[in-house]
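In the working numbering, the protein residues as written are 1 to 648.
Beta carbons are placed, not taken as given, at the ideal position from N, Cα and C, and that holds for glycine.
Below is one structure, written out as structure tokens, with a few remarks after it.
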Ligand code: GLA
Ligand code: ZN
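Below, the structure written as structure tokens:
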């Protein structure tokens, strides 16, 4: 495991550079990331480049054997570029250029911006192609699938539609445009969602394509950069740092041609008072690992109290700095780079704390970071190990977009049911993969397919096949609702999943923030919320029924034997303990080994490979946890991680 820091030499007086690098070396830092916002220092005026300062700091790191991740600086074009080429600025939904002065204002298709981006990337990659310290390139920074409303981008969108549908008639048909007299008779009539109306007022079929296009367009921009880097620096790894943002790109397509996934990991530092609230960052880590189904990096890791555009939140408690880095390792991160070395003293982010405070006096958090660096060097035995899972949860960008376009009921959001299942499986100490729905299902015993809302025929077919040949599949409410164009399917719900689940939804009740009572066959009682699919169990066995509302007595959760496997249908959203009960039953029936009796939020994962098996036990709570695991008494301090090499 390697530990690194994000470093911004351009923010600090040169007199600090060597001192910082010395302290990094002494502390055990092995990687620094630099450059993503420094374009104005690399090209102070059009065509005038200055990399001498970067050469200098690169050499300082090289002398200390600290590796470097260099970033393309395209997130922040210099002001001269925006001044000379005002069209390089993104156009907003009001049809006007957005205000500059922050960062990331660029249009991904503007020819002047692209030309200048290509030039700076060419210059940088050529200059550092043979620099021995460069171990990877990061493209831009936290790219979002933003949609720019300029004429060029609209033209690109129309082109994308032409390629997808061939004719305007096909677009009209796919979108059902005869609603509200929305039929197009010419391509030019296709306009983005201008104005201030919520997106939910626009045709959802159009909006889904609009999102798909925005993602493809961002990926085109990533590819443009990757090609230049590959040409000039063959053999050096390429990534981009991603996160869960407002305009999420399709993660799977984004990283298809890149070498590894990197993620910006900021676990929350306030432990919620409501124990129903999900807070572990393990879910996000598993999703990141699932993008390429391989180990990944953290490119920005929690280092201090966060704040700036939002009021500041709790400073990381003792052991969080170290514990959360090791939690990332436990879920497949091989390198963890902390954001940032020192807290900025200027700019909007001056209260998003780094490892060292404004005072420049290393304190408690830094000491913990130093311990982490020391421990990382003793963890060589983990190299080459990976997470292997028998349980997978399916994620899809289409569903992500479609639920954002049309929120289904108050409080419901796409990731929540995934997180609830993830938490329940984690309760039993087993590894969980979160994978794209287009990935192969081989090797899994259980697949959780929550809210399969926008239908992809191929995925449906593979889920039938998986279950038929002995797998267990868990389906939930809002499945089979839409076709691939985000139009409703005219057939009883869950439409394409009806035979697999052996149930039919008689009617549904979006109860939002209200609750419903549920009763299992053994008499145990739980609360449901958000949504109630009132089920008619045709072939399936009823596991739980509603115990309130006008559908009291009707089925809520069912189990169906399909071929050699089992298909579960969960018609409502429950409290955490409901998932614990259900998941335990499913694990038993699916013959997956698990650990019973772990305290809540104590996470156990296994990494294996190279003839080794390593167990990670993480106390993700702010209480001391004492418990027994396979006959051994364990006592873990808050946010403490225990790493153990097991006998194979
Ligand atoms: C993101 C960005 C960083 C910085 C941090 C903290 O992760 O990539 O540049 O803005 O958030 O604010
Ligand atoms: Zn544009």
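Check the Cα spacing between residue 30 and each of 9, 257 and 336: the tightest is with 336. For the pair residue 501 and residue 572, the CB atoms are not nearer than the 8 Å cut-off. Per the Cβ contact rule, the region 136-147 is not in contact with the region 195-206 (fewer than 3 Cβ pairs under 8 Å).
DSSP, read as helix, strand or coil, puts residue 405 in helix. Here the region 55-68 makes no contact with the region 94-101; the two share fewer than three CB pairs at distances below 8 Å.
Residue 18 has no beta-bridge partner at all, per DSSP. For residue 33, the number of other beta carbons within 10 angstroms of its own is at least 16, and it is reported as buried. Residue side-chain check: residue 452 keeps its Cβ at 7 Å or more from all non-hydrogen atoms of the ligand ZN. Residue 3 places its beta carbon less than 8 Å from that of residue 373. Remark: the C-beta of residue 90 is in contact range of the ligand ZN, defined as less than 7 Å to any heavy atom. The continuous beta strand (DSSP E) containing residue 613 extends over residues 612-619. Relative to the non-hydrogen atoms of the ligand GLA, the Cβ of residue 286 never comes closer than 7 Å to any of them. Residue 450 has its alpha-carbon roughly 7 Å from the corresponding atom of residue 474. For the pair residue 445 and residue 602, the Cα-to-Cα distance works out to about 23 Å. Along the length of the region 273-306, whole alpha helix (DSSP H) runs at least 4 residues long occupy 282-292, reported in chain order. Apart from the 5 residues on each side of it in sequence, residue 200 sits with its Cβ closer than 8 Å to the Cβ of 405, 406 and 407 in its chain, given in chain order. Annotation: the continuous beta strand (DSSP E) that includes residue 4 extends over 2-6. Residue side-chain check: residue 152 places its Cβ nearer than 7 Å to a non-hydrogen atom of the ligand ZN. Distance from the C-beta of residue 296 to the nearest heavy atom of the ligand GLA is not below 7 Å. Within the region 7-85, the complete beta strand (DSSP E) runs of at least 3 residues fall at 31-34 and 67-71.
Judged by the Cβ position, residue 110 qualifies as a neighbour of the ligand ZN at the 7 Å threshold, a heavy atom of the ligand being closer than this. Judged by the Cβ position, residue 141 qualifies as a neighbour of the ligand GLA at the 7 Å threshold, a heavy atom of the ligand being closer than this. Residue 116 is a Cβ neighbour of residue 77, given a cutoff of 8 Å. Within the same chain, and ignoring the five residues on either side of residue 28 in sequence, the residues whose Cβ sits closer than 8 Å to its Cβ are 3, 370, 373, 374, 376 and 377. Going by DSSP, residue 510 is part of the beta strand (DSSP E) stretching over 503-520.
In the three-state DSSP reduction, residue 472 falls in the strand class (E or B). For residue 527, the enclosing beta strand (DSSP E) has its first and last residue at 525-537. Taken from the Cβ of residue 107, at least one heavy atom of the ligand ZN lies inside 7 Å.
Under DSSP, residue 627 shares a beta bridge with 634. Proximity of the beta carbon of residue 241 to the ligand GLA is indicated: a heavy atom of the ligand is located closer than 7 Å. As DSSP reads the structure, residue 433 sits in a beta bridge with 392. Under the three-state reduction of DSSP, residue 139 is assigned to coil, being neither helix nor strand.
Per DSSP, reduced to three states, the secondary structure at residue 560 is strand. With respect to residue 333, residue 298 sits close: the two C-beta atoms are nearer than 8 Å.
For residue 646, the three-state secondary structure derived from DSSP is strand. For a cut-off of 8 Å, the C-beta gap from residue 6 to residue 342 is around 10 Å, too long to register as a contact.
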